[in-house]
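Which chain is which? The protein sequence lines are A and B, in order.
Just so you know, we're using my numbering here: the first sequence kicks off at 92 and counts up by one.
Just so you know, we're using my numbering here: the second sequence kicks off at 13 and counts up by one.
For each residue, glycine too, the CB sits at the ideal point set by N, CA and C.
Model, not experiment: these values are computed from the prediction.
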Amino acid sequence: TAPVTMNAFELISKSQGLNLSSLFEK
Amino acid sequence: MGCFHSKNVNHTPGYEDPALLADETPFTVSEVEALYELFKKLSSSIIDDGLIHKEEFQLALFRNRNRRNLFADRIFDLFDVKRNGVIEFGEFVRSLGVFHPNAPVEEKIKFAFRLYDLRRTGFIEREELKEMVIALLHESDLVISEDVIEMIVDKTFSDADTKGDGKIDDEEWKQFVAKNPSLIKNMTLPYLKDITLAFPSFVLSSEVENLET
């Protein structure tokens, strides 16, 4: 379903590019 | 044992004293030393020059050196404080400090604002927000029509742009995050609290007299 009511910034914050935890993966 | 202890450790260009970095960030000296191990690993993954290049950053984030991503580019640009195309050790530690669980929330809010201010105008503009939503959709499996994208952007923008001047300033952003705290959830990396366990720094521990208890 299309998240029409979703906050655009909430959507953006899910980007893998913003998930820095991968930097710590061995 | 003794053979690991050396005062003449070769440091990478841009290396800074862990004690000074610990003073300026939420990290302890031991944590900065552990981050140096991580930094050395990341900065030698493609070009072994002690600097993190964008391809090395992408490789660490995506396991793919060629995978471009708008948000990874923005993070890289913000970490690259000197704007010379690479991330030095001091830049790495100071920037990651913002993501520490103990870093002030205000710093996290400011960092996120700069992240989303794509064109560095001091405001988040509607077109930037739309560009970011489209970039996010491109990297995910979500298929949303242009009309729906417009609706999402319009709704978010009207909620955040309380002054109604067509752009979100830092004060409006701060208020918006206060109402939607989950927006800066990704600005905290709980892992940073355990960094010394992940990267125990046996060699460098001899260099700095660690006064932490």
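- T168, N192: these are the residues of the stretch 168–193 of chain B whose beta carbon lies less than 7 Å from some beta carbon of chain A, given in chain order.
- From the listed residues S106/A, F100/A, M97/A, S113/A, the smallest Cα separation to H150/B is found for S106/A.
- Against chain A, a Cβ distance below 7 Å from L201/B picks out L111, S112.
- Two segments are said to touch when three or more pairs of C-beta atoms, one from each, lie closer than 8 Å; by this definition the stretch 37–50 of chain B touches the stretch 111–130 of chain B.
- F169/B and D181/B have their C-alpha atoms roughly 11 Å apart.
- By the neighbour-count definition (other C-beta atoms within 10 Å, threshold 16), I59/B is an exposed residue.
- In chain order, Q107, G108, N110, L111, S113, L114 make up the part of chain A whose C-beta sits under 8 Å from the C-beta of L73/B.
- V155/B carries a coil assignment under DSSP once its states are collapsed to helix, strand and coil.
- In the DSSP annotation of this structure, the continuous segment of the alpha helix (DSSP H) that includes L71/B starts and ends at 66–74.
- Listed by position along chain A, the residues whose Cβ is nearer than 9 Å to that of A84/B are S106, Q107, G108, L109.
- By the CB criterion at 9 Å, N78/B and G108/A fall outside the cutoff.
- Residue ranges of uninterrupted alpha helix (DSSP H) with 4 or more members, entirely inside the stretch 103–157 of chain B and ordered along the chain, are 117–128, 138–151.
- When C-beta atoms of the stretch 121–135 of chain B are compared with those of the stretch 153–173 of chain B, fewer than three pairs fall below 8 Å, so the two segments do not count as touching.
- Assignment of I99/B by DSSP, reduced to helix, strand and coil, places it in the strand class.
- The beta-carbon of V165/B is placed less than 9 Å from the nearest beta-carbon of chain A.
- Bounds of the alpha helix (DSSP H) holding I207/B are 207–210.
- Taking 9 Å as the threshold, the shortest C-beta distance from Y48/B to chain A does not fall below it.
- Looking at the DSSP output, I103/A bridges to nothing.
- Residue range 30–36 is occupied by the alpha helix (DSSP H) that includes P30/B.
- Here I58/B carries a coil assignment [DSSP, helix/strand/coil].
- Within the DSSP secondary-structure output, I180/B pairs in a beta bridge with I136/B.
- Taking 9 Å as the CB threshold, S152/B lines the interface with chain A.
- CA-CA distance, Q70/B to F188/B, rounds to 30 Å.
- For K186/B, the three-state secondary structure derived from DSSP is helix.
- In the displayed model, Y48/B falls within a helix according to three-state DSSP.
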